[in-house]
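Some notes on the structure that comes next.
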Amino acid sequence: MQPEQTQSRQIHWQKTRFLTFVILLVWFVFSCIVPWFADDLNAYSFLGFQLGYYFLVQGSLAIFVALIVLHNIGQNGIDDQHGSGQ
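Here our numbering is used: the first residue of the sequence shown is 56, the next is one more, and so on.
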């Protein structure tokens, strides 16, 4: 393998790892940290629902779907930059 390809693959992998780390960090916050404070958030309400419940049921689902979309867009961009895309 040529040194240029090796370096490009290493940079591709570094960017992919960083993107995955950021996505997992956001996922962790919305799946573990926000539920931890659900009781405190339940003191407030939104559209008649307790805020902790609303965040966990509606907000987390929306965030998880957005994370999937953002990860795919980001990974496609990384692949295109390094010639790995179709």
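Glycine included, each C-beta is placed from N, C-alpha and C at the ideal position.
Residue i - containing alpha helix (DSSP H), residue span
| i | result |
| --- | --- |
| A98 | Note, A98: premise wrong, no alpha helix (DSSP H); not H, not E. |
| V124 | S115 to Q136 |
| I66 | P58 to F83 |
Residues that DSSP places opposite residue i in a beta bridge
| i | result |
| --- | --- |
| Q105 | S100 |
Cβ-based neighbour list, residue i, same chain, cut-off 8 angstroms, excluding 5 preceding and 5 following
| i | result |
| --- | --- |
| Q130 | T71 and L74 |
Pairwise C-alpha distance: residue j and residue i
| i | j | result |
| --- | --- | --- |
| Q113 | L96 | 14 angstroms |
| W91 | I118 | 17 angstroms |
| V81 | Q60 | 32 angstroms |
| N127 | A121 | 10 angstroms |
| A93 | I78 | 22 angstroms |
| F76 | Y109 | 27 angstroms |
| I66 | F83 | 25 angstroms |
Neighbourhood of residue i by C-beta, 6 angstroms cutoff - its chain only, sequence neighbours within 5 removed
| i | result |
| --- | --- |
| S115 | F85 |
Buried or exposed (CB count within 10 angstroms, at least 16 for buried), residue i
| i | result |
| --- | --- |
| F104 | exposed |
| G107 | buried |
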